[in-house]
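Here it is, written out as structure tokens:
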């Protein structure tokens, strides 16, 4: 029951912050920050999949927020499914980019993807980005 309260508080917090956080992300997409992230992420992904075309790599992004990384990775040519706990964040992401599949977090959201992801990108505490190439099946 305590975990439900934590999830509800988290949703309420990010629902309230969604418009401002999304605006910051949209501004960052217009700066060199987005290019630096694109270069770094593409480099890391290429190290894991050196002989795979970008459009053949399906990425599951957990905690997409307003879609900063989803936008960068989709524009770089990867296939993407993005999930988040907060519907307001997903709505903000859809405003900027409609091509990846954006879902609220649930196991059924992952099962709705056309193919299992080869890579999982996880965000935590707005600072840590973890790229895992161990996603082969659910």
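Numbering (the numbering used here), first residue to last: -6 to 131.
For every residue, glycine included, the Cβ atom is placed at its ideal position computed from N, Cα and C.
These numbers come from a predicted model, not from an experiment.
When the Cα atoms are used, residue 51 and residue 38 turn out to be separated by approximately 11 angstroms.
30 is the residue among 83, 30 and 42 whose C-alpha sits nearest the C-alpha of residue 66. The region 10 to 17 makes no contact with the region 42 to 50, as fewer than three CB pairs between them are under 8 angstroms. Pairing residue 90 with residue 64, the inter-Cα distance amounts to about 6 angstroms. By alpha-carbon distance to residue 33, the top candidate from 62, 13, 57 and 55 is 62.
Shown here, residue 44 sits in coil according to DSSP, grouped into three states, outside any helix or strand. In this structure residue 75 touches residue 86 by the C-beta definition: roughly 7 angstroms separates them, less than 8 angstroms.
Across the structure, residue 58 and residue 80 are spaced so that their CA atoms are roughly 9 angstroms apart. Around the CB of residue 70, fewer than 16 other CB atoms lie within 10 Å, so the residue is classed as exposed.
In this structure, residue 3 places its C-beta atom within 8 angstroms of the C-beta atom of residue 78. Residue range -5 to 22 is occupied by the alpha helix (DSSP H) that includes residue 13. DSSP, read as helix, strand or coil, puts residue 83 in helix. Spanning the alpha carbons of residue -5 and residue 8 requires a straight line of approximately 20 angstroms.
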